[in-house]
Every structure is written in structure tokens, then in C-alpha cells.
Amino acid sequence: MAVPKRKMSRSNTRSRRAQWKTTAPTLVACSNRTCRQPKLPHVVCPECGTYDGRQVARPA
Amino acid sequence: MPTPTKGRRLGGSPAHERLMMANLATSLFTHGRIKTTQAKAKRLRPFAERLISKAKRGDLHNRREVLRVIRDKDVLHKLFAEIGPFFGDRDGGYTRIIKAMPRKGDNAPMAVIELVNEKTVTAEAEAARKTTFADSTASEAEETKAEDTTTEAPAEETKAEAPAEDTAAEADEAKASEAEDKSDEKKD
Chain P
1 MAVPKRKMSR SNTRSRRAQW KTTAPTLVAC SNRTCRQPKL PHVVCPECGT
51 YDGRQVARPA
Chain C
1 MPTPTKGRRL GGSPAHERLM MANLATSLFT HGRIKTTQAK AKRLRPFAER
51 LISKAKRGDL HNRREVLRVI RDKDVLHKLF AEIGPFFGDR DGGYTRIIKA
101 MPRKGDNAPM AVIELVNEKT VTAEAEAARK TTFADSTASE AEETKAEDTT
151 TEAPAEETKA EAPAEDTAAE ADEAKASEAE DKSDEKKD
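If you're matching them up, the sequences are chains P and C in order.
Okay, so the first sequence: first residue is 1 according to this note's numbering, each after it adds one.
Okay, so the second sequence: first residue is 1 according to this note's numbering, each after it adds one.
Right, dumping it as C-alpha cells:
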């Protein structure tokens with residue numbers, strides 16, 4: 001079975017982990033005129049529960 | 001060779017997958033709208049629509065075919081008595097999938113799958129042409145829509161102007177436009 005020959009240094013571990021980055025999600029304003037909360041695009045508004053002018057989910 | 005099913009298999013075994021699909025379809029027909037994961041919703045859509053097509057044909061053979069999947073006779077009756085005839089004038093596309101926020105716990109992308117409960121535009125037009133009553137209601141609906149668009153436009157204009165003016169005036173205008181929006185909603 002293949003095994004690592006050497007212990008991975010702290011430096012190498014940390015250099016690898018330094019590349020783990022987060023990205024901010026793209027947000028759009030809710031198309032419901034009374035809501036206008038930022039939400040993810042193409043997703044039911046989590047605030048008012050509408051999508052494309054239809055009430056889809058119960059509002060939060 | 002039959003075309004393989006689109007998307008990943010569900011569950012751990014073919015039997016488990018069949019059971020899950022049957023349960024999802026039964027829930028969809030009982031409630032009309034269910035929330036599930038996007039993967040399950042995407043697998044359910046063609047499956048459920050095939051059942052509705054059988055329900056539209058509505059003879060004993062098709063009823064027995066559907067009974068192999070939908071084991072609940074109440075749901076079966078609802079499917080053949082209400083859902084099938086309702087979709088009489090719609091050629092496919094009986095369900096609608098809308099994406100929802102990811103689930104708390106495992107961050108699985110969720111979706112709402114529902115039976116389309118609107119009539120098609122052509123069906124409404126046909127109904128409107130045949131009876132005078134339907135015609136009058138249709139014209140009223142058009143008038144209200146026209147009003148909406150006219151009231152909408154000025155509100156947007158005020159919002160666009162607002163940043164150029166004082167902050168106080170901006171706030172006032174924003175409130176006014178909000179009030180207008182709310183009044184619009186009440187009219188609807």
C-alpha cells in the first residue's frame with residue numbers, strides 16, 4: 001500500500017489551506033414590490049415566499 | 001435499448017427507489033404542492049406526469065396501471081376524478097418546479113414541485129369566446145392589468161429621481177412610493 005514518505009510540514013499544510021476561500025453569493029432584490037429583500041436569483045424569496053408573482057411558500 | 005433515466009438514482013436499491021418515487025408521487029397528488037430536494041423533484045416530474053397522462057385516458061386498464069404505483073385508493077380516485085380531467089386541455093407540462101433555499105442541516109438544494117393550477121391561455125380564450133359572462137370577466141381582468149401598469153410607472157420614476165434630491169425629500173418620496181405600492185396591492 002502506498003504511504004507518504006515524509007510528514008507534511010506545517011508550512012505546506014497551511015499553504016494548502018490558505019487557498020480555501022469563500023465567495024459572496026450573488027444577490028438580487030425580490031421582484032415582489034412590497035418585499036424588495038435581497039435574495040438568491042432563481043430561488044423562492046425566503047422572506048415573502050413568492051416567485052415570479054406567485055405565492056409558492058409560506059412567508060417566514 | 002431503452003433510454004436510461006436522466007439523473008442520479010435515488011435510495012440504495014431499485015426497490016427503494018421505486019418506493020420513494022411512489023411515495024413522492026402520492027404526496028404530490030394528495031397535497032398538490034410538495035417541498036423536496038432538487039434531485040428528487042427533477043426525477044419526480046416525468047414520473048408524475050406519466051401518471052397524469054394515464055389518468056387523462058382514464059380507462060380501467062390505465063387505472064390498474066397507475067394503481068401499481070399509487071396504492072392509496074383515495075389518492076387514485078382524486079387523480080382520475082379531479083386531476084386528470086382538469087388537465088384535459090393541457091398537453092404535457094402538468095407540474096412546475098421552483099427552486100428553494102438550501103435545507104438547514106445538510107445544505108441540500110431544495111425545490112417546490114407543484115401541479116400547475118392555472119388554465120392555459122388558449123383554454124381561457126376559448127372559454128371567453130363562447131360565453132358572454134366569461135367574456136365580460138376577461139375584459140375586466142384586462143382593465144385592472146392596464147391600471148396596474150399605469151400606476152407602476154410613476155412610482156418607479158419617483159424612485160429614479162430620488163437620489164438626485166435632498167435626503168429628507170428622498171425619504172418622503174420613498175415612503176410615498178411604498179404607500180402607493182401597498183395601495184396597489186390592496187386593489188389587486
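We put the CB at the ideal spot given by N, CA and C, even for glycine.
- Across the set P/Thr23, P/Gly49, P/Thr22, P/Ala24, the C-alpha of P/Gly49 shows the shortest separation from the C-alpha of P/Cys35.
- When Cβ pairs closer than 8 Å are counted between the two stretches, the stretch 81-91 of chain C is seen not to touch the stretch 1-17 of chain C, the count staying below three.
- Taking 7 Å as the cut-off between beta carbons, the residues of the stretch 88-109 of chain C near chain P are Ile98, Lys99, Ala100, Met101, in sequence order.
- The DSSP-derived three-state label of C/Pro102 is coil.
- Following the DSSP letters along the chain, one finds C/Val112 inside the beta strand (DSSP E) bounded by residues 110-115.
- Leaving aside the five residues that flank C/Asn62 on each side, the residues in its chain whose CB is nearer than 8 Å to its CB run, in chain order, Lys54, Ala55.
- Taken in chain order, the whole alpha helix (DSSP H) runs of length 4 or more contained in the stretch 21-72 of chain C are 38-57, 60-67.
- Between the alpha carbons of C/Asp91 and C/Leu44 lies a gap of roughly 18 Å.
- Here P/Ala57 is not near P/Val43, since their CB atoms are 8 Å or more apart.
- For P/Pro46, the chain C residues whose Cβ falls inside 7 Å of its Cβ are Met101, in order along the chain.
- Scanning chain P for C-beta atoms nearer than 9 Å to the C-beta of C/Val112 yields Val44, Tyr51, Val56, Ala57, reported in chain order.
- P/Thr50 is bridged by DSSP to P/Gln55.
- Remark: C-beta atoms of C/Leu51 and C/Ile34 do not approach each other more closely than 8 Å.
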